[in-house]
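I have placed the structure first, in the form of structure tokens, so that the comments after it can refer back to it.
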DNA sequence: CGGAATCCTCGATGATACTG
DNA sequence: CAGTATCATCGAGGATTCCG
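Protein chains in written order, with the working numbering: chain A, 665 to 809; chain B, 665 to 809.
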């Protein structure tokens, strides 16, 4: 009981996360840089916008805000700027009135979206497992009555 | 110039992030849950500990702290507790003196590590591309100087 | 419409001290 | 050694206002 009847859209999609062992970075400098980079791109809003633009193609500023729903104007601007600066999105300003600014992914942004795909799929597939773990957390391994 | 001569350990590893289109979650409820779950596991320290345990197998509390280096004792405890609660790690207390507590990944934790693998590889491979984008950010598209 | 600027709050994190 | 508890800080992020 309590299991949400889902459509299994992603869940049965494929098995992109076969238990492969991920070799660690050989160089500590590289590892630090990689860690820093991930810290910036693995952001909450970045991931959502990435998914959105990957799906919709090209969107206006307000469009993105409405589709995400919960994001503030400040964070939307800030996140888009960072993504643009990191080469993930292209920002196009149409010189019309009222202003019209559109955003779309670069190839780099698309490749990042693809890389995150495995994590999304993992989350989809293991939602129940994690929730189960959280429920049983704290219970004694052998309840001796 | 300025390009770091790296060992290319991960960079030439494989191509786990072929530009596949990642289908979005069909159900908004699922998407919300997935987003929430990712928000918890995509944490900075979680990812580092995940990598560490995946590589080393089983480690003591202090071991992990020293290997990561920059983490505070508080965050280490907190992160490990969250990971244990979410079913990512197993915490084993050895009833000896002085105390000895060891941590290792569950299968769920290992699968998450594998899922993140694509992102690590992406970051390794596109470090230069992102840095290049950051350098050229702000420059006019067609410098008519 | 698409921002920039400002103010403000609150939670994440670090530092410190204590304990079993 | 492996924590727990407490206090202090600091910046992420929200709400609001103004502008081109």
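C-beta atoms are modelled at their ideal positions from N, C-alpha and C, and glycine is treated no differently.
Rounded to whole angstroms, what is the Cα-Cα separation between residue i and residue j?
i	j	result
residue 739 (chain A)	residue 802 (chain B)	20 Å
residue 719 (chain A)	residue 725 (chain A)	16 Å
residue 699 (chain B)	residue 761 (chain B)	42 Å
residue 745 (chain B)	residue 784 (chain A)	23 Å
residue 736 (chain B)	residue 714 (chain A)	32 Å
residue 799 (chain A)	residue 774 (chain B)	20 Å
residue 722 (chain A)	residue 748 (chain A)	14 Å
residue 734 (chain B)	residue 768 (chain B)	20 Å
residue 758 (chain A)	residue 716 (chain A)	21 Å
residue 776 (chain A)	residue 764 (chain A)	26 Å
residue 790 (chain B)	residue 772 (chain A)	8 Å
residue 750 (chain B)	residue 731 (chain B)	23 Å
residue 754 (chain A)	residue 782 (chain B)	23 Å
residue 691 (chain B)	residue 788 (chain A)	11 Å
residue 797 (chain A)	residue 703 (chain B)	17 Å
residue 729 (chain A)	residue 727 (chain B)	44 Å
residue 712 (chain B)	residue 696 (chain A)	11 Å
residue 687 (chain A)	residue 793 (chain B)	21 Å
residue 778 (chain B)	residue 705 (chain B)	13 Å
residue 807 (chain B)	residue 701 (chain A)	Only weak support exists for where residue 807 (chain B) lies, its pLDDT of 49 falling under 50; the value from the coordinates is given anyway. For residue 807 (chain B) and residue 701 (chain A), the distance between alpha carbons rounds to 29 Å.
residue 742 (chain B)	residue 708 (chain A)	20 Å
residue 795 (chain B)	residue 693 (chain B)	37 Å
residue 786 (chain A)	residue 786 (chain B)	17 Å
residue 766 (chain B)	residue 710 (chain A)	35 Å
residue 756 (chain B)	residue 752 (chain A)	43 Å
Which first and last residues belong to the alpha helix (DSSP H) in which residue i is found?
i	result
residue 710 (chain B)	708 to 720
residue 744 (chain A)	737 to 749
residue 760 (chain A)	Looking at the DSSP string, residue 760 (chain A) is not in any alpha helix (DSSP H), and its letter there is neither H nor E.
residue 695 (chain A)	692 to 705
residue 733 (chain B)	Unbroken run through residue 733 (chain B): none, as it is neither H nor E.
Helix or strand or just coil, what does DSSP make of residue i?
i	result
residue 770 (chain A)	coil
residue 811 (chain B)	This structure gives no information on residue 811 (chain B), because the portion of chain B shown stretches from 665 to 809.
residue 788 (chain A)	helix
residue 623 (chain A)	Because residue 623 (chain A) is not part of the residues shown, which for chain A are 665 to 809, the question remains open.
residue 781 (chain B)	helix
residue 729 (chain A)	helix
residue 795 (chain A)	helix
Name the DSSP bridge partner or partners of residue i?
i	result
residue 754 (chain A)	A:768
residue 723 (chain B)	B:767
Using only the heavy atoms of the ligand MN, determine whether one of them is closer than 7 Å to the beta carbon of residue i.
i	result
residue 709 (chain A)	Ligands displayed in this structure: none; no statement on the ligand MN is therefore possible.
Q: Please name the residues in the stretch 695 to 727 of chain A whose beta-carbon is closer than 8 Å to at least one beta-carbon of chain B, in chain order.
A: 697, 698, 699, 701, 702, 703, 705, 706, 708, 711, 712, 715, 718 and 719
Q. Which residues, in order along the stretch 728 to 741 of chain B, keep a beta-carbon less than 9 Å from a beta-carbon of chain A?
A. none
Q | Interface positions of the stretch 752 to 773 of chain B facing chain A (Cβ-Cβ less than 9 Å), listed along the chain | A | 752, 770, 771 and 772
Q: Taking only beta carbons into account, state which residues of the stretch 770 to 795 of chain B come closer than 9 Å to chain A, listed in chain order.
A: 770, 771, 772, 774, 775, 776, 777, 778, 779, 780, 781, 782, 783, 784, 785, 786, 787, 788, 789, 790, 791, 793, 794 and 795
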